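Numbering (the UniProt record's numbering), first residue to last: 1 to 248.
Structure first, then comments.
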């Protein structure tokens, strides 16, 4: 049976890599992103189609609860059913605690944390009815150890890890697993916001056991594992995918 997945924030970076990686593993997909990313989202859908998989694109903002409910409904209608939800959408704008505004704090938590909750809540009835579901939340190494300028981002990703643990307790009885992936320094536009000069790049290459920064494709395997039946007895976990920066 063909598996179906919905991936949020799928137009670029880690989201795009996850979408293409799941397509290569035989998934049909529903991909979401915000309206300004429509062109790039459609380009990713084209790449999915080139891999022989069906793809539905949905313009939606995960910080909007109505958009989340609509995304879930359109994904189910377009694909027939949804087996896996990958909560990838996220934002990061660096600001020191002194510079941080309530508006930026709220915006970051709204997308990174509340968006995960709202998309999960929207898909629960469908997954519960089918007695099957795989939910994969993209957190961050910042949930373990953030850096300067990331207090709001670290708080949002810590919330994702906590939400993952509790939702796994509540949803396991319905055959739904919930896990999180915590990427380290990944070479995406967002990830490289943390590394604004060659010295910081060199530093992280040095402290990473593999002595390199991550690529978006490095995140795909762990996500695909959690989205598959290979992880049927794994739930409530948060896996560091960081090349060996942090141990927990």
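Positions of the beta carbon are idealized from the N, C-alpha and C atoms, including for glycine.
Source: prediction; values computed, not measured.
Close beta carbons around residue i, own chain, < 7 Å, minus the five adjacent residues each side
| i | result |
| --- | --- |
| residue 57 | 31, 41, 42, 45 |
| residue 13 | 188, 189, 190, 216 |
| residue 161 | 139, 143, 180, 238 |
| residue 38 | 59 |
| residue 116 | 87, 137, 160, 163 |
| residue 211 | 205 |
| residue 47 | 20 |
Rounded straight-line distance, which links the Cα of residue j to that of residue i
| i | j | result |
| --- | --- | --- |
| residue 205 | residue 16 | 24 Å |
| residue 60 | residue 136 | 19 Å |
| residue 96 | residue 25 | 41 Å |
| residue 62 | residue 82 | 17 Å |
| residue 177 | residue 109 | 23 Å |
| residue 98 | residue 243 | 32 Å |
| residue 73 | residue 200 | 43 Å |
| residue 7 | residue 19 | 7 Å |
| residue 103 | residue 65 | 18 Å |
| residue 153 | residue 5 | 26 Å |
| residue 93 | residue 229 | 36 Å |
| residue 202 | residue 70 | 44 Å |
Residue i: first and last residue of the uninterrupted beta strand (DSSP E) it sits in
| i | result |
| --- | --- |
| residue 5 | 4-7 |
| residue 136 | 133-138 |
| residue 59 | 55-59 |
| residue 238 | 238-241 |
| residue 29 | 28-33 |
Neighbourhood of residue i by C-beta distance below 6 Å, restricted to the same chain and skipping five residues each side
| i | result |
| --- | --- |
| residue 236 | 165, 168 |
| residue 231 | 225 |
| residue 213 | 185, 187 |
| residue 241 | 181, 183, 219, 222 |
| residue 127 | 133, 176 |
Boundaries of the alpha helix (DSSP H) in which residue i is found, first to last residue
| i | result |
| --- | --- |
| residue 120 | 115-130 |
| residue 19 | 13-24 |
| residue 44 | 38-50 |
Cβ-based neighbour list, residue i, same chain, cut-off 8 Å, excluding 5 preceding and 5 following
| i | result |
| --- | --- |
| residue 36 | none |
| residue 245 | 141, 184, 185, 204, 207, 208, 209 |
heavy atom of the ligand SAM below 7 Å from residue i C-beta
| i | result |
| --- | --- |
| residue 51 | Among the components modelled here there is no ligand, and therefore nothing to report on the ligand SAM. |
Cβ separation of residue i and residue j, assumed to be a contact under 8 Å, to the nearest whole Å
| i | j | result |
| --- | --- | --- |
| residue 249 | residue 23 | Given a span of 1 to 248 for the chain in the structure shown, any question on residue 249 remains unanswerable. |
| residue 112 | residue 156 | 4 Å |
| residue 53 | residue 29 | 6 Å |
Fully enclosed by the stretch 143-222, which beta strand (DSSP E) runs are 3 residues long or longer? Scanning the stretch 143-222 for uninterrupted beta strand (DSSP E) segments of 3 residues or longer gives 176-183, listed from N- to C-terminal end.
Scan the stretch 57-114 and note each continuous beta strand (DSSP E) run of 3 residues or more that stays entirely inside, going in chain order. 84-87
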